[in-house]
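**Student:**
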Amino acid sequence: MRHLLAALFLTCTLHAQEAKPLPWDAEVRKYEAIEKAHPGPKQAVVFNGSSSIRLWNLEESFPGWKCINHGIGGSIIPENTALVDRLIFPWEPKIIVFYAGDNDIGKGRSPQQVADDWSAYVKTVRAKLPEVKFVYISIKPSIARWKLWPTIQEANAKIKTICEADKNSKFIDVSSVMLGPDDKPIKELLRDDGLHMVPAGYARWVKLIAPEIEAVAK
């Protein structure tokens, strides 16, 4: 009887977990509703990842280009991997511009875990889109997470190595345009929270990223 009760409790718990909406479900449903009403172009550039993608005004940064914003605020890399069926595959992108890893390190994931998570994301996408190209935006330096910068640098180095071994992946090091002469984050590029960027920060990213996607996006 005791084992039966334990099994019933476990079953009920699992059903409750399945019924509970995932943190990013509302945001994904919002994207799906918009795109059902106004289908975006296939074979375009999909921007995927965390809030640094979600907050990016792609129309302003890449006017006239075929870009789709599928950023999920607060997400980590494995959560984006879990969403590829809904946010990547329907659009059959030629290029995916990806930014995540920031929250991952902030939540205690190790550089190796973040690198392994990136490899898993690539493998999952390539299972259906074998020719897709990836542009990985390095985890940025920020005031809010400056104490984590050595750990972030280690994660970036590992992901850069993965990208360099893949002819269809490009690693973009944004620290080169976000650190000042004192090798610290440029305050004027960040919002008051010291983490997210203002338009001037994105403008610096665009100069690095645009050449990698120009031929496909137009």
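In terms of my numbering, the sequence shown opens at residue 25 and continues consecutively.
We treat Cβ as the ideally placed atom computed from N, Cα and C, and that holds for glycine.
If you compare alpha carbons, which of I183, W89 and A57 is closest to F71?
**Tutor:** Checked all of I183, W89 and A57; the closest Cα to F71 is W89.
**Student:** Can you list, in chain order, the residues of its chain with a C-beta nearer than 8 Å to that of W173? Leave out the 5 residues immediately preceding and following it.
**Tutor:** Contacts found: P165.
**Student:** Exposed or buried, S162, counting other C-beta atoms within 10 Å across all chains shown (16 or more means buried)?
**Tutor:** Under this definition S162 is a buried residue.
**Student:** Starting from the Cα of S99, find the closest Cα among G218, E84 and K131 and give me that residue.
**Tutor:** If we check each option's Cα against that of S99, K131 comes out closest.
**Student:** Might you give, ordered along the chain, the residues of its own chain that have their beta carbon closer than 8 Å to the beta carbon of W170, omitting 5 neighbours on each side?
**Tutor:** Same-chain partners within the cutoff: K208 and P209.
**Student:** Since V149 contacts I186 with CB under 8 Å, what's their CB separation in whole angstroms?
**Tutor:** With 8 Å as the limit, V149 and I186 do not qualify as a contact, their Cβ atoms being about 14 Å apart.
**Student:** Is there contact between the region 116-127 and the region 64-82, where contact requires at least three CB pairs shorter than 8 Å?
**Tutor:** The region 116-127, when compared against the region 64-82, does touch it at the 8 Å Cβ threshold.
**Student:** Taking C-beta to C-beta, are G125 and E51 nearer than 8 Å?
**Tutor:** No; because the gap between Cβ atoms is not below 8 Å, this pair is not in contact.
**Student:** Unbroken beta strand (DSSP E) runs of length 3 or more, entirely within the region 114-146: which are they?
**Tutor:** The qualifying runs are 119-123.
**Student:** Specify the secondary structure class of G73 as computed by DSSP and reduced to three states.
**Tutor:** Strand, per DSSP.
**Student:** Between Q177 and chain B, is any beta-carbon pair separated by less than 8 Å?
**Tutor:** No chain B is part of this structure, which consists of one protein chain only.
**Student:** Checking 8 Å against the spacing of the C-beta atoms, do V222 and R215 come in under that value?
**Tutor:** Contact: yes.
**Student:** Just tell me which of P135, W80, Y160 and R133 has its CA closest to the CA of V146.
**Tutor:** Out of P135, W80, Y160 and R133, Y160 has the C-alpha closest to the C-alpha of V146.
**Student:** Count the other CB atoms, across all protein chains shown, that sit within 10 Å of the CB of D128; report buried if there are 16 or more and exposed otherwise.
**Tutor:** So D128 ends up on the buried side.
**Student:** Determine the extent of the beta strand (DSSP E) in which I92 is found, giving its start and end residues.
**Tutor:** Segment C91 to G95, the beta strand (DSSP E) holding I92.
**Student:** Nearest-angstrom Cα distance between P154 and D206?
**Tutor:** Roughly 42 Å separates the two Cα atoms.
**Student:** Can you tell me the Cα-Cα spacing of K60 and R53, whole angstroms?
**Tutor:** Straight-line Cα distance between these residues: approximately 10 Å.
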